[in-house]
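From first to last, the protein sequence lines stand for chains A and B.
Residue numbering for the first sequence is 265 to 518, as defined by the numbering used here.
Residue numbering for the second sequence is 5 to 393, as defined by the numbering used here.
Notes for the one structure printed next.
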Amino acid sequence: MKKPLSISRRTLLKATGAAALGIIPAGTLLVRAAGKPHPKALQAKNWAMVINAKLCPPGCRICQEACHKVHNVPNMPDPKQDVKWIWPESYNSAFPYETHPYTDQANEKRAYPVLCNHCENPSCVRVCPTKATFQRPDGVVMMDYHRCIGCRFCMAACPYGARSFNFKDPRPHIPQLNPAYPTRTPGVVEKCNFCDERLAVGQMPACMEACPAKAILFGDLNDPASPVRQALASNVTLQRKTKLGTRPKVFYIV
Amino acid sequence: MLEHAWNETGPRFKAWLAALLLLIGIGGFCYSIQLGTGLGVTGMSRDVSWGLYIGQFTFFVGVAASAVMVVLPYYLHDVKVFGRITVVGEFLAVTAVIMCILFILVDLGMPSRLLNIMLYPSPGSVLFWDMVVLNGYFFLNLLTGWKVLEAEYTGIKAPDWVKPLIYIAIPWAFSIHTVTAFIYSGIPGRDFWLTALTAPKFLASAFATGPALLILISLALRRFTGFDAGQEAVRRLSIIVTYAMSITVFMILAEFFTAFYSQVPSHMYALKYFFVGLYGGNSFVLISWIFATLCLLALILLLNPKTRGDETWLTVACASTFIALAIEKGISFTVGGFITNPFGRVTEYWPTAVEVGIVVGIWALGAFLLSLFYSLFVTVKRRSERGIA
Ligand code: SF4
């Protein structure tokens with residue numbers, strides 16, 4: 265049994281001071297100050313996602329719009345320096361070198377949502393020189409925007425192109441600010457966080473909730489009864505670039 | 005010894021320093037632009053997230069490591085002729101490390117948080133180890149170079165603890181470039197980098213670049229200051245350049261074989277991109293052919309004992325070696341890893357004026373420091389040879 269967290273006023277003050285100096289990430293502080301998790305917080309041993317791409321119609325961007333809106337993801341004017349958390353790619357691009365010219369035309373046109381795979385063996389976490397990106401015990405690969413030095417080693421190390429760098433100030437390019445979620449400064453890396461801020465208060469990921477086709481499933485990979493495991497047991501699924509050993513946890517029904 | 009060195013410099017030298025200061029100023033100005041707007045002012049992108057800065061960093065780690073090519077023969081094999089230039093090599097290493105640290109600094113999105121690398125040490129990260137070995141190498145060379153020169157100035161033998169440090173610096177030199185290579189060669193999904201050959205190739209090309217630069221520096225010192233490293237030292241260095249350059253080119257060709265004989269697409273893409281262009285992207289084709297031509301020219305001139313022995317041809321060979329490898333390691337290698345991007349597409353990269361300005365500023369700073377070091381060195385040599393302490 266874990267001991268309940270109790271924080272004396274003194275330690276809290278110390279922590280606040282440290283946070284003000286930027287030593288402790290503000291997010292951590294919120295959790296610590298709260299003392300115990302939200303009563304409705306969703307918990308799992310190993311969060312994972314299954315995307316039934318057969319249900320994703322061509323040109324659909326509903327999940328992207330929902331995600332980018334809640335997370336204050338900007339629309340950068342230069343597409344080469346854009347910031348993206350989840351976005352559609354064609355089958356050929358999501359699974360490069362694993363196709364041939366004669367594949368099913370309908371499949372070619374489908375919008376495969378791609379995002380951080382929250383790999384079980386994440387190379388981005390391995391290379392980070394400050395532990396600004398780290399893996400939580402529940403399998404979510406997180407970013408600490410307050411610790412990131414912007415070296416971009418993780419971007420080189422991620423084989424899925426899941427990470428974006430804030431080349432310029434993102435704030436003027438956020439279409440509609442969501443005050444409940446922080447914005448980022450120029451010079452730090454960001455990516456999908458499996459909606460950890462929503463899980464913490466009992467909500468499922470924004471992309472999943474927004475999807476009208478119910479193409480996205482989310483759950484505990486370690487729980488045989490979870491919707492994710494059931495979908496994996498009854499469908500042929502693919503992961504992106506399995507040969508690299510990163511063990512991605514976003515699965516695609518194709 | 006510092007005050008003597010400064011008093012003995014002439015107006016020409018001071019004009020040279022002033023010109024370098026101007027370039028440093030331009031670099032500083034460009035950096036202030038980058039600090040204001042962010043790395044968006046560079047040519048880098050989501051897909052090519054490292055560019056000229058990290059390439060230059062990699063290249064100068066090689067230059068720093070190559071000092072060992074004069075220190076090692078002198079201390080381990082008693083090659084006496086290098087005695088006059090070991091300090092030249094050590095100061096070159098110190099300067100190169102300073103440049104490396106600056107290249108990292110200007111590449112950071114959040115330079116103010118640089119110290120986070122030390123506040124949150126992450127032994128799993130190669131970048132963390134790179135910082136450790138680079139700093140160690142910096143102090144080893146600064147200390148030993150300075151103490152040896154001071155000993156010569158005062159005429160009193162260097163303290164006993166200097167010797168062991170010199171010996172430690174030898175394997176340390178190999179470590180800095182190996183760790184730098186591991187930044188690249190340990191990353192899944194970047195097939196151009198993901199080869200065990202990366203570290204050996206880095207070392208070989210560094211041992212061609214550094215001695216080539218030392219030859220050029222020695223010839224320049226003789227011309228402008230009258231300090232002569234000695235013909236024998238230059239001859240021996242030229243042999244080192246010849247071997248190292250041949251091995252480097254051999255390794256590059258071996259990479260071509262593996263890629264094109266195996267026909268594995270992801271291994272061919274970067275090489276195709278460099279030499280013929282890929283999916284419409286061809287910004288590297290011109291400099292890649294310049295690289296290949298210079299390599300060939302350098303090899304022909306170096307392998308032929310007649311041209312190698314001739315000072316003019318040797319200068320051409322060394323300059324070609326240096327420029328060719330500055331292209332390869334200074335920019336192409338870094339960008340090649342991002343071809344293609346994770347979705348099988350090609351995103352082009354080319355440095356912007358701001359990026360180039362910053363790089364020129366750092367080069368100028370390196371030349372500035374080196375000039376000061378060397379003027380000090382030459383003065384000390386002159387005085388000790390004239391017998392004035
Ligand atoms: S997909 Fe990329 S960013 Fe996400 S955990 Fe895997 S390696 Fe890291």
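A virtual CB, placed ideally from N, CA and C, is assigned to each residue, including glycine.
Predicted model only: the values in this text are computed from it and were never measured.
- Residues T99 of the same chain have their beta carbon placed closer than 6 Å to that of B/L374, with the five preceding and five following residues left out of the count.
- With the rule of 3 Cβ pairs closer than 8 Å, the stretch 369 to 378 of chain A counts as touching the stretch 343 to 356 of chain A.
- Nearest Cα to B/E236 within the set B/T229, B/L223 and B/R227: B/L223.
- The criterion of a C-beta distance shorter than 8 Å is satisfied by A/P434 and A/P338.
- For the pair B/T351 and B/V152, the CB atoms are not nearer than the 8 Å cut-off.
- Each residue's CA atom was taken as its position, placing A/N310 and A/P401 some 8 Å apart.
- Nearest to B/G341 by C-alpha distance, out of B/A185, B/L76 and B/M122, is B/A185.
- Closest in alpha carbon position to A/P439, among A/T397, A/G451, A/A495 and A/A330, is A/A330.
- At least one C-beta of chain B is nearer than 8 Å to the C-beta of A/Y361.
- Between B/G234 and the set B/V85, B/A302 and B/N120, the nearest pair of CA atoms involves B/V85.
- Burial state of B/R227 is exposed, judged by a 10 Å Cβ sphere holding fewer than 16 other Cβ atoms.
- Think of a sphere of 8 Å around the beta carbon of A/K344: the chain B residues whose beta carbon falls inside it are S49, R50, D51 and T351, in chain order.
- In this structure, DSSP gives B/E154 a helical state, which the three-state scheme calls helix.
- Per DSSP, reduced to three states, the secondary structure at A/D408 is coil, with no helix or strand assignment.
- Within the stretch 488 to 511 of chain A, the residues whose Cβ lies closer than 7 Å to any Cβ of chain B are, in chain order, K505, L508, G509 and T510.
- At least one heavy atom of the ligand SF4 lies less than 7 Å from the C-beta of A/A426.
- Straight-line measurement puts the Cα of B/K276 at about 10 Å from the Cα of B/P269.
- Beta-carbon to beta-carbon, B/V137 and B/W176 are separated by about 7 Å, close enough to satisfy the 8 Å threshold.
- Around A/K432, the beta-carbon contacts reaching into chain B at under 9 Å are T41, G42, L43, G44 and V45.
- For the stretch 161 to 191 of chain B, the set of residues with a beta-carbon nearer than 9 Å to any beta-carbon of chain A comprises I187, Y188, G190 and I191, in chain order.
- A/Q399: member of the beta strand (DSSP E) spanning T397 to Q399, first to last residue.
- A direct Cα-to-Cα measurement between B/R390 and B/R240 gives close to 27 Å.
- Contact note: B/N345 reaches chain A through G425, using a C-beta cutoff of 7 Å and chain order.
- When secondary structure is reduced to three states using DSSP, A/T501 falls in the strand class.
- Straight across, the Cα-Cα distance linking A/K455 with B/A274 is about 27 Å.
- In chain order, V166 and L169 place their CB closer than 8 Å to the CB of B/L147, counting only its own chain and leaving out the 5 sequence neighbours on each side.
- B/E236 carries a helical assignment under DSSP once its states are collapsed to helix, strand and coil.
- Remark: three or more beta-carbon pairs, one from each stretch, lie closer than 8 Å, so the stretch 250 to 263 of chain B and the stretch 196 to 209 of chain B are flagged as touching.
- Between B/I58 and B/T338, the C-beta spacing is below 8 Å.
- In the structure shown, A/M468 adopts coil according to DSSP, grouped into three states.
- If you ignore the 5 residues before and after B/P77, its C-beta comes within less than 6 Å of the C-beta of V83 and F86, all in its own chain and listed in chain order.
- Scanning its chain for C-beta atoms nearer than 6 Å, with the 5 sequence neighbours on each side dropped, one finds around A/C388 the residues T397, C418, A421 and C422, in chain order.
- Using a C-beta cut-off of 8 Å, the stretch 188 to 196 of chain B makes no contact with the stretch 290 to 297 of chain B, since fewer than three inter-stretch Cβ pairs fall below that distance.
- Taking non-hydrogen atoms of the ligand SF4 into account, the C-beta of B/H81 is found less than 7 Å away from none of them.
- By the rule that beta-carbons nearer than 8 Å mark a contact, B/F132 touches chain A.
- Within the same chain, and ignoring the five residues on either side of B/C34 in sequence, the residues whose Cβ sits closer than 7 Å to its Cβ are V358, G361, I362 and G365.
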